[in-house]
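In what follows, a structure is listed as structure tokens, so that the remarks can point back to it.
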């Protein structure tokens with residue numbers, strides 16, 4: 386379910402009887418990209434992977450790259466789950482018994498009510514409670530100037546030295562941080578920072594987006610690391626609130642925030658060093 390919505394997937398872990406295994410599933414749920422992260426992945430792959438390859442197979446190559454990113458998330462889910470089950474969440478695996486209930490005619494009314502109230506409205510309510518305040522914060526950050534510099538630019542400039550170490554830049558990291566309400570707004574925030582706009586912008590032309598990103602220093606390494614960090618970074622605000630509700634623990638909520646983010650930082654750092662080494666040897 387995480388491929389659709391990580392928050393809904395966290396709610397879906399209620400079917401797991403073992404508290405230990407339920408917690409492992411919750412903590413590793415965000416290693417797979419939700420529906421909000423796929424457009425960003427596809428856009429970056431289209432611009433920097435497909436755009437760098439001539440011929441009829443350019444689109445196919447970009448699709449393969451996105452698929453490899455998804456497979457990386459799945460492999461990390463299995464790997465981290467194994468580590469958690471052997472360390473802080475060590476325990477005996479539970480047995481799995483599948484009992485088939487008596488077959489009955491589906492009751493459409495009950496299905497719609499349970500789906501609407503138990504899942505959809507719950508997730509939407511959490512999303513609204515996060516998105517509304519965060520939208521105000523983003524607007525304030527981009528419109529309030531201190532010493533002639535907006536708060537958004539100040540944050541980006543502060544984060545830039547660290548971001549360069551992992552092959553990104555300050556505006557990219559700022560976009561991910563301020564995009565915590567919803568993954569869909571990460572790219573608009575990045576573009577807003579680059580173009581010095583006072584509000585979020587939505588550019589539908591991929592070629593225009595590519596020109597803006599390239600003009601601001603993006604290259605193949607940046608694209609690769611952005612795709613990795615899009616896959617591996619902290620869950621959105623709605624998912625974090627859902628994790629807090631399901632685990633009833635601030636500690637596990639913080640761990641669910643740090644776990645994918647640290648993985649993303651480490652892998653981006655490694656890819657940056659490998660890329661720079663190849664450039665040195667090739668030069």
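Numbering (this note's numbering), first residue to last: 386 to 668. Think of the CB as a built atom: it goes at the ideal place given N, C-alpha and C, for glycine as much as any other residue.
Reference residue i, options the options, closest by Cα
i: residue 566; options: 622, 642, 618; result: 622
i: residue 429; options: 597, 543, 486; result: 597
i: residue 612; options: 462, 416, 662, 404; result: 416
i: residue 624; options: 638, 649, 617, 614; result: 638
i: residue 571; options: 529, 534, 614; result: 614
i: residue 588; options: 647, 644, 573, 564; result: 573
i: residue 538; options: 552, 580, 498; result: 580
i: residue 412; options: 654, 606, 632, 530; result: 632
i: residue 558; options: 629, 468, 626, 619; result: 619
i: residue 564; options: 600, 421, 641; result: 421
i: residue 672; options: 432, 552, 387, 497; result: This structure does not reach residue 672, given that the chain is present from 386 up to 668, and the question cannot be answered.
i: residue 389; options: 401, 423, 600; result: 423
i: residue 575; options: 541, 549, 459, 495; result: 541
i: residue 649; options: 461, 494, 492; result: 461
i: residue 547; options: 396, 651, 402, 498; result: 651
i: residue 746; options: 441, 433, 662, 468; result: This structure cannot settle anything about residue 746, because the visible part of the chain is limited to 386 through 668.
i: residue 452; options: 470, 469, 592, 427; result: 427
i: residue 610; options: 590, 657, 642, 577; result: 657
i: residue 578; options: 562, 486, 665, 634; result: 562
i: residue 653; options: 550, 640, 636; result: 550
i: residue 454; options: 497, 667, 471, 616; result: 616
i: residue 641; options: 534, 659, 469, 441; result: 469
i: residue 387; options: 401, 418, 403, 402; result: 418
i: residue 544; options: 532, 560, 533, 531; result: 560
Enclosing alpha helix (DSSP H) for residue i [first to last residue]
i: residue 539; result: 536-550
i: residue 561; result: 555-563
i: residue 410; result: 404-413
i: residue 600; result: 591-600
i: residue 424; result: 423-430
i: residue 612; result: 605-616
i: residue 392; result: 391-397
i: residue 387; result: Looking at the DSSP string, residue 387 is not in any alpha helix (DSSP H), and its letter there is neither H nor E.
i: residue 573; result: 571-580
Beta bridge counterpart(s) of residue i as assigned by DSSP
i: residue 531; result: 534
Supposed contact pair residue j and residue i - C-beta distance, whole angstroms, cut 8 Å
i: residue 554; j: residue 595; result: Rounded, the Cβ-Cβ distance is 16 Å, inconsistent with contact.
i: residue 447; j: residue 466; result: Not quite, the Cβ-Cβ distance comes to about 29 Å (not below 8 Å), so this is no contact.
i: residue 474; j: residue 409; result: 6 Å
i: residue 405; j: residue 476; result: 5 Å
i: residue 627; j: residue 395; result: 5 Å
i: residue 431; j: residue 591; result: 6 Å
i: residue 556; j: residue 606; result: Not a contact, Cβ separation roughly 16 Å.
i: residue 529; j: residue 536; result: 5 Å
Residue i Cβ short of 7 Å to the ligand FAD heavy atom set
i: residue 459; result: Looking at this structure, you won't find the ligand FAD or any other ligand, since it has none at all.
CB contact below 8 Å: residue i versus chain B
i: residue 450; result: Here there is only one protein chain, and chain B is not present.
Runs of alpha helix (DSSP H) lying entirely within the segment 442-496, each at least 4 residues, in chain order: 443-471
Residue ranges of each alpha helix (DSSP H) within the segment 620-654, 4 or longer: Annotation note: the segment 620-654 contains the following uninterrupted alpha helix (DSSP H) runs of length 4 or greater, listed N- to C-terminal: 622-632.
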